[in-house]
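Report on the following structure.
Numbering (my numbering), first residue to last: 842 to 1231.
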């Protein structure tokens, strides 16, 4: 029998996250790979979900999402960013941000259209572009003065006559970069000059550290009307398994995404939506404490990784720390992460799998710090074996 999988999807096997999490389970290693917390979100939010289930809210909710969640998202964006979105027509609830991104790409890109993405990129971006039979055009983020950024000239050079959209992720996974106003101005100028749609993945919008400020691209002059703004509850409220996300955009763009989304999952889980609506209105103090806690965990892991011999780049947001493995004598992150359970009893993610130009990221490995302090400390203790040779 011929290969049953269509050609455009053959480069996408099991995700690196599934591979490394399975490796952690199989070897009994500490999992600092996949970005999920090992503690729960706000107790009152969890109670709201249980209450919704027990009250009988277990059938199909409206396709665009529960009205209370759409209103809560609308109010959140107005209060926090000054962005006004009509909950009836400009907001769509999705099964996490991954579905939102995929729906937007499938809805807005014709076969052969080009989509710019900053590499390293979250792996679902490449898969969504492939499913749309579009073409990805990577622009590489490189470390400059301790943070990853892009060359504006390279961004402009990536635009061609078939360029349709640009995928922008800030705070950025996996590098931890939070794009500055100046960087966003460059992106906005390119979008305006070439009439591009911006699809913005902002799932870490509340998880920034130090003095870094998250600025939605849609707040820049002329960008609201060409931006598909995406976020979710998973990272903000430490409920990644709930898979509750949303799109905010002008009505024609939302309608396009919903046309696709209705044939992917039709709708999203009602109890989670009600609970998230509650959390957006009542748990902002909890999120503030979470951000401070994550910053302390970041510093804790960075200190330990530096002591273990890694070169560590300081992230301004997200759950992740990027490390350069060359000071330890390693040059290939994929090889190291597959051996790391044996060498140190820890699992991490090789950054090179998120590049088209893998050589640019071959020497980087990503560690997640969204774990309990005792887990971080034990992982660091184990990783010191690398510096000591075992």
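All C-beta atoms, glycine included, are put in the ideal place defined by N, C-alpha and C. Predicted model, so just to flag it, every value in this text is computed and none were measured.
Through-space distance from residue j to residue i, alpha-carbon basis
i            : j            : result
residue 965  : residue 1219 : 31 Å
residue 1192 : residue 1177 : 11 Å
residue 895  : residue 1175 : 46 Å
residue 1155 : residue 845  : 43 Å
residue 875  : residue 906  : 28 Å
residue 1202 : residue 899  : 45 Å
residue 1037 : residue 987  : 30 Å
residue 883  : residue 983  : 36 Å
residue 1169 : residue 1226 : 11 Å
residue 1096 : residue 1066 : 14 Å
residue 1232 : residue 954  : The requested residue 1232 is not part of the displayed model; the chain covers only 842 to 1231.
residue 897  : residue 855  : 36 Å
residue 985  : residue 1158 : 17 Å
residue 861  : residue 889  : 33 Å
residue 1035 : residue 981  : 20 Å
residue 1208 : residue 1077 : 19 Å
residue 859  : residue 877  : 12 Å
residue 1153 : residue 904  : 44 Å
residue 1228 : residue 843  : 48 Å
residue 887  : residue 937  : 17 Å
residue 945  : residue 1216 : 37 Å
Residues bridged to residue i [DSSP beta-bridge criterion]
i            : result
residue 983  : 990
residue 1072 : 1087
residue 1158 : 1049
residue 958  : 979 and 1008
residue 933  : 1088
residue 1206 : 1164 and 1191
residue 909  : Paired residue(s): none; residue 909 is not in a bridge.
residue 1039 : 1007 and 1068
residue 1153 : 1164
residue 872  : 1188
Under 9 Å between C-beta atoms of residue i and residue j
i            : j            : result
residue 1007 : residue 970  : no
residue 943  : residue 1105 : yes
residue 956  : residue 975  : yes
residue 853  : residue 967  : yes
residue 1068 : residue 1090 : yes
residue 1102 : residue 933  : yes
residue 1100 : residue 902  : no
residue 1213 : residue 879  : yes
residue 830  : residue 949  : An answer regarding residue 830 cannot be provided, because it is not within the stretch 842 to 1231 covered by the chain.
residue 1057 : residue 924  : yes
residue 1013 : residue 989  : yes
residue 1082 : residue 1033 : no
residue 1206 : residue 871  : no
residue 963  : residue 1042 : yes
Residue-level contact to chain D via CB, residue i, 9 Å cutoff
i            : result
residue 1143 : Structure shown: chain D not included; a single protein chain is present.
Whole-angstrom C-beta distance between residue j and residue i, which should lie under 8 Å
i            : j            : result
residue 1224 : residue 1185 : 5 Å
residue 978  : residue 939  : With 8 Å as the limit, residue 978 and residue 939 do not qualify as a contact, their Cβ atoms being about 21 Å apart.
residue 960  : residue 1160 : Rounded, the Cβ-Cβ distance is 19 Å, inconsistent with contact.
residue 947  : residue 972  : 6 Å
residue 1162 : residue 1141 : With 8 Å as the limit, residue 1162 and residue 1141 do not qualify as a contact, their Cβ atoms being about 10 Å apart.
residue 1211 : residue 1146 : The pair is not a contact, with the Cβ atoms about 15 Å apart (cut-off 8 Å).
residue 885  : residue 1123 : 7 Å
residue 1164 : residue 1151 : 4 Å
residue 952  : residue 928  : The Cβ separation is near 33 Å, so there is no contact.
residue 1027 : residue 993  : 5 Å
Spatially closest choice to residue i from the options, by CA coordinates
i            : options                   : result
residue 1120 : 880, 916, 898 and 1138    : 916
residue 914  : 987, 1203, 1070 and 995   : 1070
residue 892  : 1196, 1134 and 1116       : 1116
residue 1079 : 1053, 1129, 1100 and 1088 : 1129
residue 1222 : 1134, 1143 and 996        : 1143
residue 1010 : 1052, 1072, 951 and 988   : 1072
residue 1189 : 1057, 851, 1093 and 873   : 873
residue 991  : 1019, 972, 1002 and 1132  : 1019
residue 1045 : 1032, 1016 and 1034       : 1016
residue 1113 : 1086, 980, 1153 and 1012  : 1086
residue 1204 : 1228, 1166 and 1194       : 1166
residue 1133 : 1053, 973 and 1111        : 1053
residue 930  : 1065, 1038, 1024 and 1093 : 1093
residue 1181 : 954, 973, 1088 and 868    : 868
residue 1074 : 870, 866, 881 and 856     : 881
residue 912  : 1208, 1179, 1187 and 1088 : 1088
residue 1183 : 865, 1215 and 857         : 865
residue 998  : 958, 963 and 1023         : 958
residue 1055 : 857, 1002, 981 and 922    : 922
residue 1110 : 862, 863, 855 and 935     : 935
residue 857  : 1127, 1179 and 1077       : 1179
residue 918  : 1118, 1209 and 1217       : 1118
Contact test: residue i Cβ vs the ligand COA heavy atom, cutoff 8 Å
i            : result
residue 1064 : In the structure on display, the ligand COA does not appear, and there are no ligands present to speak of.
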